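Q:
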Amino acid sequence: MKRIITLTTDFGTKDGYVGTVKGAIFSLNPRAEIVDISHEIPPQNIVAGAFCLFNSCSFFPKGTIHLAVVDPGVGSRRKALLVQTQKYFFVGPDNGIFSLALRREKLQKIIHLINSKYFLYQISPTFHGRDIFAPVAAYLSLGIDPDEFGPQIKEIQNLPLPAVKKTKTNIAGQIIHIDNFGNLVSNVTAEGFAEYKNMKVRIKKSVIPRLSRTFAEVRKGDLVAYMGSSNFLEIGIREGNAHLGLKAKLGDRLELIL
Amino acid sequence: MKRIITLTTDFGTKDGYVGTVKGAIFSLNPRAEIVDISHEIPPQNIVAGAFCLFNSCSFFPKGTIHLAVVDPGVGSRRKALLVQTQKYFFVGPDNGIFSLALRREKLQKIIHLINSKYFLYQISPTFHGRDIFAPVAAYLSLGIDPDEFGPQIKEIQNLPLPAVKKTKTNIAGQIIHIDNFGNLVSNVTAEGFAEYKNMKVRIKKSVIPRLSRTFAEVRKGDLVAYMGSSNFLEIGIREGNAHLGLKAKLGDRLELIL
Amino acid sequence: MKRIITLTTDFGTKDGYVGTVKGAIFSLNPRAEIVDISHEIPPQNIVAGAFCLFNSCSFFPKGTIHLAVVDPGVGSRRKALLVQTQKYFFVGPDNGIFSLALRREKLQKIIHLINSKYFLYQISPTFHGRDIFAPVAAYLSLGIDPDEFGPQIKEIQNLPLPAVKKTKTNIAGQIIHIDNFGNLVSNVTAEGFAEYKNMKVRIKKSVIPRLSRTFAEVRKGDLVAYMGSSNFLEIGIREGNAHLGLKAKLGDRLELIL
Numbered sequence: 275m276k277r278i279i280t281l282t283t284d285f286g287t288k289d290g291y292v293g294t295v296k297g298a299i300f301s302l303n304p305r306a307e308i309v310d311i312s313h314e315i316p317p318q319n320i321v322a323g324a325f326c327l328f329n330s331c332s333f334f335p336k337g338t339i340h341l342a343v344v345d346p347g348v349g350s351r352r353k354a355l356l357v358q359t360q361k362y363f364f365v366g367p368d369n370g371i372f373s374l375a376l377r378r379e380k381l382q383k384i385i386h387l388i389n390s391k392y393f394l395y396q397i398s399p400t401f402h403g404r405d406i407f408a409p410v411a412a413y414l415s416l417g418i419d420p421d422e423f424g425p426q427i428k429e430i431q432n433l434p435l436p437a438v439k440k441t442k443t444n445i446a447g448q449i450i451h452i453d454n455f456g457n458l459v460s461n462v463t464a465e466g467f468a469e470y471k472n473m474k475v476r477i478k479k480s481v482i483p484r485l486s487r488t489f490a491e492v493r494k495g496d497l498v499a500y501m502g503s504s505n506f507l508e509i510g511i512r513e514g515n516a517h518l519g520l521k522a523k524l525g526d527r528l529e530l531i532l
Numbered sequence: 275m276k277r278i279i280t281l282t283t284d285f286g287t288k289d290g291y292v293g294t295v296k297g298a299i300f301s302l303n304p305r306a307e308i309v310d311i312s313h314e315i316p317p318q319n320i321v322a323g324a325f326c327l328f329n330s331c332s333f334f335p336k337g338t339i340h341l342a343v344v345d346p347g348v349g350s351r352r353k354a355l356l357v358q359t360q361k362y363f364f365v366g367p368d369n370g371i372f373s374l375a376l377r378r379e380k381l382q383k384i385i386h387l388i389n390s391k392y393f394l395y396q397i398s399p400t401f402h403g404r405d406i407f408a409p410v411a412a413y414l415s416l417g418i419d420p421d422e423f424g425p426q427i428k429e430i431q432n433l434p435l436p437a438v439k440k441t442k443t444n445i446a447g448q449i450i451h452i453d454n455f456g457n458l459v460s461n462v463t464a465e466g467f468a469e470y471k472n473m474k475v476r477i478k479k480s481v482i483p484r485l486s487r488t489f490a491e492v493r494k495g496d497l498v499a500y501m502g503s504s505n506f507l508e509i510g511i512r513e514g515n516a517h518l519g520l521k522a523k524l525g526d527r528l529e530l531i532l
Numbered sequence: 275m276k277r278i279i280t281l282t283t284d285f286g287t288k289d290g291y292v293g294t295v296k297g298a299i300f301s302l303n304p305r306a307e308i309v310d311i312s313h314e315i316p317p318q319n320i321v322a323g324a325f326c327l328f329n330s331c332s333f334f335p336k337g338t339i340h341l342a343v344v345d346p347g348v349g350s351r352r353k354a355l356l357v358q359t360q361k362y363f364f365v366g367p368d369n370g371i372f373s374l375a376l377r378r379e380k381l382q383k384i385i386h387l388i389n390s391k392y393f394l395y396q397i398s399p400t401f402h403g404r405d406i407f408a409p410v411a412a413y414l415s416l417g418i419d420p421d422e423f424g425p426q427i428k429e430i431q432n433l434p435l436p437a438v439k440k441t442k443t444n445i446a447g448q449i450i451h452i453d454n455f456g457n458l459v460s461n462v463t464a465e466g467f468a469e470y471k472n473m474k475v476r477i478k479k480s481v482i483p484r485l486s487r488t489f490a491e492v493r494k495g496d497l498v499a500y501m502g503s504s505n506f507l508e509i510g511i512r513e514g515n516a517h518l519g520l521k522a523k524l525g526d527r528l529e530l531i532l
């Protein structure tokens, strides 16, 4: 049965851990279609993993199984989960890694993965990605009923994004992600974009006079504020790198002002 | 319909942008075979992207769709293109990224991608890789006729490699790529290799006394000049790194001398 | 014919070399399933490649073809090999890269790859990954008999791991791998784990008072010694990075003491 399984992890790509997980999946379902979302989540950074999954997962077809493993609590009492939504399945640790993605989905079922019949024979206490999550995703891709994997539960860890603070004349957010191009992604969302139209953006010691639709609206080397492809306000430099140019870092404050 | 779609981008692999593009493709054609050529083209470096695609694309089977997105002009008036050759399809921005690859191909048709029926529903002004090029490649892989995507045009941006200068006793080129092993790839091509046979190679302050067929012809740690697997003259160090050893950089001069 | 071909190389992912190898495989067998184990083996580091392949390969299904190319001797007289075991095929240079993986397998046949009918038409003296190993793996995935590729031979290069030294009160090993999380993997194996139970671990100037099953048994920031998922003794720091925290490097001594 051909079913897509995506992978979002902090494993890196140098050690072969990702290959191992793929081997474990293909050993159970040679017809699975495995797609990497990212393996370069900073080690143990659950927020970064949640954000990456959130940005990418909704572009996959209905029925996709999203496996996400950023798992600093491996071997502790944190639960192993399967979450079923109207469109997708999510498999991974109960530490908040799905909480951003789930905002957009219609939740149907949360399963606590405890049926070891669907785990690898011997469970390493440090590599549940290989020994629990990969085989569960593989069995799921073969059509095993979610309820087979364990009992339904009601609660799941939640991981909120830092809140945006709004007054009548000011919206204050922060940088929550810096991408490969050095673009600074903030937590200010596109909802209410209309009201931002006449606002300036202040970041570090710079003020950007208005929002743009695209990089091409400013000159080469200039700062540009725009609604990014993930629907968050972003700061970039045309044909440059805002991360380096502004010496910006995660958590830096960004303000929309009148 | 099983059809290979290759990806060459400057997206990096940490943000999930590549996963997003693959999701967009699989959502339209779950049977596509997507193959990464590289996602580590230096941001906005069209020449590097063109060179990478040039080296790799011709090894793929007939009918392959080569999607290449290094796109500093996204959101400007640069065109979106589909280029059909006797052997392949190329999809991406009209900025010269295909110009090296196309030298080797028999051009059949250039299509200006304007039929938004084949784009994602809502187009981000900063991520045409996801919203225009990925769905066009996916529809193409499903057998949609190239002419469906827009009108034929005649012109395409060209991006020449820097020229090699030849005299009777001297051939002067430059370093155009540095690879993962630190090997220095020049713009001097294998055509005329026979006449190089008795020449020395000068680079930085070193002179390499002759061309070799392979690294094994010199001693460990020695400089070696050879025709690389892409048919350009390359400089390496046996079991070492010429990039570091020579402190070489892109654009450095290299000469063949009698 | 659908058959998995894994890739373990030192090619890196920036240059398109990996894409080229995949193109060469798909040109011969469009139905192959190609899976990356790692392309970030440090250039020409055969031991690191052997270790990576060893850790990952056994999780793949029976019949998998493991292609491994870390090949400082390319173009020299080192042999090109196909090794058949009860469970797998291994294709690559005869330089010891398979020697760790083969310890666990039942060897059936070693073939010296000399039948150029199964190579690319023109062989580059520096890229046998593309020109010899990729097509051989592809033909093998199509069901070509191993004996077609060349004569059987008896000997293969061996690459031993450094030996562990044991006395009645002391077991001395060394760090043989540092992973993406900064965990230090030693050459001390899980055999005899029972007898280690009451031992301390000394590394650099630190002493870890006992072995743990999992990171969760120590406090955040503390050193932890545990049997890793590859069945070697590892040193980590809970929610930290032992590589950086201990300023450890490959070859550093590690002792189990009473």
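Chains as they are written, first to last, in our numbering: chain A, 275 to 532; chain B, 275 to 532; chain C, 275 to 532. For every residue, glycine included, the Cβ atom is placed at its ideal position computed from N, Cα and C. Given the structure is predicted, the values throughout are model-derived calculations rather than measurements.
#1: Helix, strand or coil for Ile279/B per DSSP?
#2: For Gln358/A, which beta-bridge partners are listed by DSSP?
#3: Thinking C-alpha only, which one of Ser398/C, His340/C and Tyr395/C is nearest Ser373/C?
#4: When you compare each of Glu465/A, His517/A and Gly514/A to Met501/A by their alpha carbons, which one comes out closest?
#5: From the DSSP output, read off the bridge partner residues of Ile527/A.
#6: Shorter than 9 angstroms from the beta carbon of Val365/B to some beta carbon of chain A?
#7: When you compare only the Cα positions, how much space is there between Gln396/A and Asp405/A?
#8: Counting Cβ pairs closer than 8 angstroms, one from the region 360-376 of chain C and one from the region 305-324 of chain C, do we hit at least three?
#9: Give the DSSP-derived three-state secondary structure of Leu435/C in the structure shown.
#10: Counting only Cβ pairs nearer than 8 angstroms, list the residues of chain B close to Phe423/A.
#11: What are the residues in the region 497-513 of chain A lying within 7 angstroms of chain B by C-beta distance?
#12: Determine the closest residue to Val438/A out of Lys494/A, Asp496/A, Arg351/A and Asp526/A, with distance taken between C-alpha atoms.
#13: Classify Thr280/A: buried if its beta carbon has 16 or more other beta carbons within 10 angstroms, exposed otherwise.
#14: Following the continuous alpha helix (DSSP H) through Thr294/A, name the residue where it begins and the one where it ends.
#15: Does any CB atom of chain B fall closer than 9 angstroms to the CB of Val410/C?
#16: Between the C-alpha atoms of Val282/A and Val492/A, what's the straight-line distance to the nearest angstrom?
#17: Output yes if chain A places a C-beta closer than 9 angstroms to the C-beta of Gly519/C; else output no.
#18: Who pairs with Ile427/A in a beta bridge, going by DSSP?
#19: Taking Cβ positions, are Asp310/A and Val292/B nearer each other than 9 angstroms?
#20: Could you tell me whether any Cβ in chain B is nearer than 9 angstroms to the Cβ of Ser350/C?
#21: For Gln358/C, is the classification buried or exposed, using 16 other Cβ atoms within 10 angstroms of its Cβ as the cut-off for buried?
#22: Taking C-alpha atoms, which residue in Ile449/B, Phe334/B, Ser350/B and Val348/B lies nearest to Phe364/B?
#23: From the DSSP output, in three-state form, read off Val344/A for me.
#24: Tell me whether Gly510/A sits in a helix, a strand or coil according to DSSP, three-state version.
#25: Below 8 angstroms on the Cβ atoms is my contact criterion, and I expect Pro436/C with Asn461/C to pass it. Report the Cβ-Cβ distance as a whole number of Å.
#26: Would His402/A and Pro367/A qualify as a contact pair, given that the criterion is a beta-carbon distance under 9 angstroms?
#27: Determine, for Ser415/A, whether the minimum Cβ-Cβ distance to residues of chain B falls below 9 angstroms.
#28: Which value, in whole angstroms, describes the spacing of the CA atoms of Asn454/A and Ala522/A?
#29: Of all the residues that make up the region 310-326 of chain A, which are near chain B by a beta-carbon distance shorter than 7 angstroms?
#30: Could you tell me how far apart the beta carbons of Ala216/C and Asn457/C are, in whole angstroms, since I believe they sit closer than 8 angstroms?
#31: Please check the pair Ala499/B and Ile482/B, which I expect to be a contact at CB under 8 angstroms, by giving their CB distance rounded to whole angstroms.
#32: I'd like to know whether the C-beta of Thr488/B is nearer than 9 angstroms to at least one C-beta of chain A.
#33: If the cut is a Cβ gap below 7 angstroms, which residues of chain C does Thr280/B touch?
#34: Return yes when the Cβ of Asn319/B is within less than 9 angstroms of the Cβ of Asp284/B, no when it is not.
#35: Once you ignore the five residues that flank Ala446/C on each side, which residues in its own chain have a CB closer than 6 angstroms to its CB?
#36: Can you name the residues of chain A whose CB is closer than 8 angstroms to the CB of Ser390/C?
A: The short version:
#1: strand
#2: Phe363/A and Lys383/A
#3: His340/C
#4: Glu465/A
#5: Residue 527/A is actually Arg in this sequence, not Ile. Note: Arg527/A sits in a beta bridge opposite Gln448/A.
#6: no
#7: 7 angstroms
#8: yes
#9: coil
#10: In chain order: nothing, as chain B lies at least about 24 angstroms away.
#11: Tyr500, Gly502, Ser503 and Glu513
#12: Asp526/A
#13: buried
#14: Tyr291 to Leu302
#15: no
#16: Per the sequence presented here, residue 282/A reads as Thr, with Val not at that position. So the two alpha carbons sit approximately 34 angstroms from each other.
#17: no
#18: Answer by DSSP bridge pairing: none, since Ile427/A is not bridged.
#19: yes
#20: yes
#21: buried
#22: Phe334/B
#23: coil
#24: strand
#25: 6 angstroms
#26: yes
#27: no
#28: 14 angstroms
#29: Asp310, Ile311, Ser312, Glu314 and Cys326
#30: There is simply no residue 216/C to check, as chain C begins at 275 and stops at 532 in what is shown.
#31: 5 angstroms
#32: no
#33: Gly293
#34: yes
#35: Lys439 and Glu529
#36: Ordered by position in chain A, no residue passes the 8 angstroms Cβ test against Ser390/C, which lies about 30 angstroms from the chain.
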